[in-house]
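This report concerns only the one structure given below.
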Amino acid sequence: MSYLGESREMSNHMDLVTLCVETACESRQSVDKWRRQRRSLERLPSPLADALLRRLLSRRLLYPSLLEVFKYCAEEINVRGENSVDAEWMAYLGAFRHLRYLNVGGCHRITSSALWAITGMTSLQELNLSRCSKINDAAIKHILSLTNLEKLHVAETGVTAEGVKLLASLRALSVLDLGGLPVNDVALNSLQVLKKLQSLDLWGSQISNEGSAILNMFPKLSHLNLAMTSVTRLPNLLTLECLNMSNCTIESVLKDGKAPLAKLVLSGTAFLNEADALLHLNTSFLSLLDVSNSCLHNFFFLSKMKVIEHLNLSSCMIGDDSIEIVALIGVNLKSLNLNGTRVSSAGVGILAGHVSSLEILSLSETPIDDAAISYIGTMPSLKAVDLSHTVIKGFMHQEETQLDAPLSLTALQDLKQLERLNLEHTLISDGALCPLSSFQQLRHISLKSTSLADISLDFLSTIPKLTSLSICDAILTNYGLETFKPPATLKSIDLSGCWLLTRDAILSFCRIHPQIEVRHELSTEVPDDRNRPNRPTSSRLTSRSVQGTKKKEITAVSPSFIDQRVKYTRDELLALQSMSLVPASDDERDPGSV
Amino acid sequence: MKKEDTVKLISAEGFEFVVDKEAAMVSQTIHNMLTSPGSFSERQHGEVTFPEISTTILEKICQYFYWHLQFASGKETEFPIEPELTLELMMAANYLHT
Chain A
1 MSYLGESREM SNHMDLVTLC VETACESRQS VDKWRRQRRS LERLPSPLAD
51 ALLRRLLSRR LLYPSLLEVF KYCAEEINVR GENSVDAEWM AYLGAFRHLR
101 YLNVGGCHRI TSSALWAITG MTSLQELNLS RCSKINDAAI KHILSLTNLE
151 KLHVAETGVT AEGVKLLASL RALSVLDLGG LPVNDVALNS LQVLKKLQSL
201 DLWGSQISNE GSAILNMFPK LSHLNLAMTS VTRLPNLLTL ECLNMSNCTI
251 ESVLKDGKAP LAKLVLSGTA FLNEADALLH LNTSFLSLLD VSNSCLHNFF
301 FLSKMKVIEH LNLSSCMIGD DSIEIVALIG VNLKSLNLNG TRVSSAGVGI
351 LAGHVSSLEI LSLSETPIDD AAISYIGTMP SLKAVDLSHT VIKGFMHQEE
401 TQLDAPLSLT ALQDLKQLER LNLEHTLISD GALCPLSSFQ QLRHISLKST
451 SLADISLDFL STIPKLTSLS ICDAILTNYG LETFKPPATL KSIDLSGCWL
501 LTRDAILSFC RIHPQIEVRH ELSTEVPDDR NRPNRPTSSR LTSRSVQGTK
551 KKEITAVSPS FIDQRVKYTR DELLALQSMS LVPASDDERD PGSV
Chain B
1 MKKEDTVKLI SAEGFEFVVD KEAAMVSQTI HNMLTSPGSF SERQHGEVTF
51 PEISTTILEK ICQYFYWHLQ FASGKETEFP IEPELTLELM MAANYLHT
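Rendered as structure tokens:
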């Protein structure tokens with residue numbers, strides 16, 4: 001049974017298990033060929049059953065009565081966000097003998113009474129009901145019968161403080177997600193019998209300072225989310241590793257400096273005593289700090305953070321004057337977000353030479369100019385750079401934009417690992433893109449400018465590993481698109497806002513390059529990745545899909561560094577942040593590594 | 001073909017498949033049996049018996065071994081699998097680490 005998650009999978013190109021799962025889930029007809037092989041299904045090792053179920057779901061071949069054949073072998077069911085999941089599904093799932101993990105988060109048709117079907121399932125260790133809006137206190141009595149439950153997620157449901165109080169009888173709980181529920185101090189007080197609790201999510205609750213004092217009673221608490229609450233003081237929590245107090249007002253937290261904090265998220269947080277608030281923290285383990293959108297003026301506290309790897313200072317009051325402190329602690333930095341700050345090229349120059357491990361640098365909406373690019377070119381580990389919404393032109397000297405002026409992007413040629421470059425909403429013109437054509441590792445490039453024309457495609461067509469290209473609002477012509485020879489690796493191209501292109505030209509491009517996903521206002525095709533049999537999905541494990549997963553991770557990381565304020569509303573962002581604080585929550589669960 | 005370059009795989013029903021050692025080694029499990037130090041009888045006699053794998057499935061497995069070698073050397077063809085064999089084949093592949 002030592003299947004998935006072994007390094008061996010990485011080395012095998014097309015392992016037979018994957019091929020079998022793919023074939024088994026090819027179509028409804030192929031499912032019919034094996035669904036009656038009861039004896040085989042009863043013997044099926046659970047990792048195989050779980051893999052089969054995941055694939056069936058992603059191929060949209062799973063329906064309630066088909067679940068039945070898995071009742072002896074499956075241990076994990078994740079149907080998060082599937083709209084079709086309802087009480088009938090739950091009725092079948094209730095018959096599963098060994099079900100250990102059930103995630104029906106965001107399944108809007110799940111009601112409290114639908115949970116009756118899973119009452120008494122002592123095999124169940126983890127249940128996720130988050131965002132099931134029809135779940136309320138009536139569901140709690142069913143949940144209480146799951147006596148071995150270790151992880152429970154009921155965030156953003158209709159459960160009230162009264163219902164939360166009852167959860168105290170689930171003594172095995174180590175993870176409890178109550179985000180967005182009206183939990184009050186009284187309810188929290190009754191939970192203090194949960195001595196195994198390691199992770200507690202209380203964002204948006206009605207907990208006050210009085211209630212936060214109770215947090216001392218959880219001897220193992222390592223993850224705590226109090227974002228958007230009125231808590232201003234936090235007692236000394238000796239085991240706390242991850243804390244989220246975004247959008248709170250902080251008076252004093254963890255003053256004794258003992259908590260071994262690794263992640264601290266204080267986005268949009270206000271400080272009553274700024275000079276003092278962060279100075280007493282134990283920073284010996286702190287690897288992630290997010291103080292974006294906070295009103296901090298003094299950044300001296302950063303100088304203590306010797307092991308920091310991920311620093312988010314976006315939309316802070318930081319400028320060139322304080323950037324030296326970042327440079328001092330830069331040796332371990334892997335990602336640095338300075339979006340929307342006053343940091344200019346001079347500031348970037350101060351950083352250069354001090355951030356040898358930096359992989360992700362975001363400088364969107366900063367007053368940098370082309371001089372910054374030459375400094376960026378000296379940061380050897382960079383993989384992703386965001387220079388969008390700046391006044392960079394691509395020419396070294398700002399005053400002369402003649403063609404013979406040195407091209408500033410040339411400086412990035414030395415970055416041997418650069419995979420992602422965002423130049424949207426800059427003053428970059430066609431000629432300035434010329435150096436890009438020799439970037440060996442570049443995989444993703446984003447351009448958005450009304451001054452780009454056909455010639456820019458020429459420079460982009462020779463980037464050897466380019467997989468996604470976004471060139472929006474450009475003045476591309478049908479002829480330009482027709483003569484464009486995309487790199488063989490290209491998987492997607494975004495041509496949104498290229499208003500000169502006609503429908504015919506785009507369709508003909510699609511015909512000639514069927515492997516490329518095209519996005520444009522006139523392209524009607526809505527590609528559905530999940531239904532493409534040959535496309536590796538995140539859930540599977542050939543080496544190709546392993547690479548795919550890695551790429552997806554990068555995509556998953558970068559938008560939050562590059563475009564977060566554009567892509568998400570503030571509330572969504574806070575929800576995302578709270579997710580990142582929960583260890584091994586369903587959102588981080590990689591099905592391939594089970 | 002010299003005897004030491006081949007290995008005999010025996011199905012539950014007793015059918016014997018003689019395959020190249022190189023091909024059989026696609027399976028990590030067989031690889032371990034044939035190379036690990038100690039006196040695995042498999043290693044001495046060049047024979048491996050699979051009491052849980054039927055002849056049909058073992059035949060398919062052997063085909064896969066050869067297909068895999070071809071695929072690894074750059075010949076990208078499809079490996080055909082009958083849908084009715086998928087469950088049993090999947091379990092055998094899982095056991096054989098292939």
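Residue numbers (full-length UniProt numbering), protein chains in the order written: chain A, 1 to 594; chain B, 1 to 98. We put the beta carbon where it would ideally sit given N, CA and C, even for glycine. Since we're looking at a predicted model, the values are computed, not measured.
message: Cutting at 6 Å between CB atoms, please list the residues of its own chain near T283(A), excluding the five before and the five after it.
response: Contacts found: K304 and M305.
Spatially closest choice to M91(B) from P64(A), L61(A) and S40(A), by CA coordinates
Relative to M91(B), the option among P64(A), L61(A) and S40(A) whose CA is nearest is S40(A).
**Item:** Pair within 8 Å by beta-carbon distance, L286(A) and T249(A)
**Value:** No, these two residues do not count as a Cβ contact at 8 Å.
Query raised in the report: Near L382(A), which residues of its chain fall below 8 Å by C-beta distance, leaving aside the five closest residues on each side in sequence?
Result: Cβ neighbours of L382(A) beyond the five flanking positions: L358, E359, I360, L361, I376, L415, Q417 and L418.
Quiz prompt | Alpha carbon of P37(B) to alpha carbon of Q44(B), nearest angstrom | solution = Cα to Cα, the separation comes out at about 11 Å.
Q | Minimum Cβ-Cβ distance from T56(B) to chain A less than 8 Å | A | Not closer than 8 Å to any Cβ of chain A, the Cβ of T56(B) fails to qualify, so no.
Practice problem: Would you mind stating whether C62(B) and L96(B) have Cβ atoms separated by less than 8 Å? | Solution: The answer is no: Cβ separation not under 8 Å.
Bounding residues of the alpha helix (DSSP H) (the contiguous stretch that carries N209(A)): N209(A): member of the alpha helix (DSSP H) spanning N209 to S212, first to last residue.
Around the Cβ of T18(A), are there at least 16 other Cβ atoms within 10 angstroms (buried) or fewer (exposed)? The residue in question, T18(A), is buried, as its Cβ has 16 or more Cβ neighbours within 10 Å.
* Asked: Do you know whose CA, among I143(A), L311(A), M121(A) and K165(A), lies nearest L129(A)'s CA?
  -> Looking at the Cα atoms, I143(A) is the closest of the given residues.
| message | Let me check understanding here. Comparing Cα to Cα, which of R342(A), I323(A) and E365(A) lies closest to R349(A)? | response | It is worth fixing the name first, because residue 349(A) is Gly in this sequence and not Arg. Of the candidates R342(A), I323(A) and E365(A), I323(A) places its Cα closest to the Cα of G349(A).
*Can you list the alpha helix (DSSP H) stretches of 4 or more residues lying completely in the stretch 69-150 of chain A, in chain order?*
Qualifying alpha helix (DSSP H) stretches, in chain order: 87-93 and 137-143.
Specify the secondary structure class of A270(A) as computed by DSSP and reduced to three states.
DSSP places A270(A) in strand when its eight states are reduced to three.
State yes or no: is the C-beta of L313(A) within less than 8 Å of the C-beta of L338(A)?
Closer than 8 Å, so yes.
Give a yes or no on whether 8 Å exceeds the smallest Cβ distance from P235(A) to chain B.
-> With respect to chain B, the C-beta atom of P235(A) has no partner C-beta closer than 8 Å.
Residues in the stretch 13-30 of chain A with C-beta within 8 Å of chain B's C-beta atoms, listed in sequence order?
Residues passing the 8 Å Cβ filter: H13, M14, D15, L16, V17, L19, C20, V21, T23, A24, E26, Q29 and S30.
Quiz item: Three-state secondary structure (DSSP) at G179(A)?
Solution: In this structure, DSSP gives G179(A) a state outside helix and strand, which the three-state scheme calls coil.
When you compare the CB of E88(B) with every CB in chain A, is at least one pair closer than 8 Å? Under the 8 Å criterion on CB atoms, E88(B) is classed as interfacial with respect to chain A.
- Enclosing alpha helix (DSSP H) for A371(A) [first to last residue]: It spans D370 to I376 - the alpha helix (DSSP H) in which A371(A) sits, taken as one unbroken run.
What does the alpha-carbon distance come out to for the pair S429(A) and L266(A)? Those two C-alpha atoms are separated by around 38 Å.
Problem - Start and end residues, alpha helix (DSSP H) containing D201(A) - result: Per DSSP, D201(A) is not a residue of any alpha helix (DSSP H); the beta strand (DSSP E) it occupies stretches across S199 to D201.
Query raised in the report: Where do the N-terminal and C-terminal ends of the beta strand (DSSP E) with N422(A) fall, by residue?
Result: It spans R420 to E424 - the beta strand (DSSP E) in which N422(A) sits, taken as one unbroken run.
* **Buried versus exposed, by CB contacts within 10 Å (16 or more), P47(A)** => Result: buried.
Using 7 Å as the cut-off, classify the Cβ of V186(A) as near or not near the heavy atoms of the ligand MN, replying yes or no.
Among the components of this structure there are no ligands whatsoever, and the ligand MN is therefore not found.
Let me see if you follow: with CB-CB separation under 8 Å, is E141(A) close to chain B or not? First, the amino acid is wrong: residue 141(A) is Lys here, not Glu. In terms of beta-carbon proximity, K141(A) stays away from the interface with chain B, with every pair separated by 8 Å or more.
Q. For K448(A), which residues of its own chain have a beta-carbon under 6 Å away from its beta-carbon, when the five flanking residues on both sides are left out?
A. Answer for K448(A): E424, H425, C472 and D473, listed in chain order.
(request) Look at the alpha carbon of L281(A) and the alpha carbon of L243(A), and state the distance between them as a whole number of angstroms. (result) Rounded to the nearest angstrom, the two C-alpha atoms are 12 Å apart.
Q.
How far does the alpha helix (DSSP H) with H31(B) in it extend, from its first residue to its last?
A. Unbroken alpha helix (DSSP H) run through H31(B): Q28 to T35.
- Neighbour flag for P37(B) against chain A, beta carbons, 8 Å: Not closer than 8 Å to any Cβ of chain A, the Cβ of P37(B) fails to qualify, so no.
Notebook entry, point to check: Taking the DSSP output, what are the residues bridged to E47(B)?
Noted result: Residue pairing from DSSP places E47(B) in a beta bridge opposite K8(B).
- Can you name the residues of chain A whose CB is closer than 9 Å to the CB of T98(B)? Proximity of chain A to T98(B) at the Cβ level (cut-off 9 Å) is accounted for by N12, D15, L16 and V17, in chain order.
Query raised in the report: CB-CB under 7 Å to V566(A), same chain, minus the five flanking residues each way: which ones, in chain order?
Result: A caution first: V566(A) carries a pLDDT of 44, below 50, which makes its placement in the model unreliable, though a value can still be read off. Nothing listed; no residue qualifies.
Check your understanding: P45(A) touches chain B at which residues, Cβ-Cβ below 8 Å?
Key -> Correct list: M91 and N94.
Worksheet item: Using a C-beta cutoff of 8 Å, does N189(A) count as contacting chain B?
Response: Contact with chain B is absent for N189(A), since none of that chain's Cβ atoms lies less than 8 Å from the residue's Cβ.
Once DSSP output is grouped into helix, strand and coil, what is the label at S284(A)? Coil.
### Close-in-space but distant-in-sequence residues of the same chain around P533(A) (CB under 7 Å, 5 per side omitted)
Here P533(A) scores only 41 on pLDDT, less than 50, and its place in the model should not be relied on; the value that follows carries that caveat. The answer, listed in chain order, is E22 and E26.
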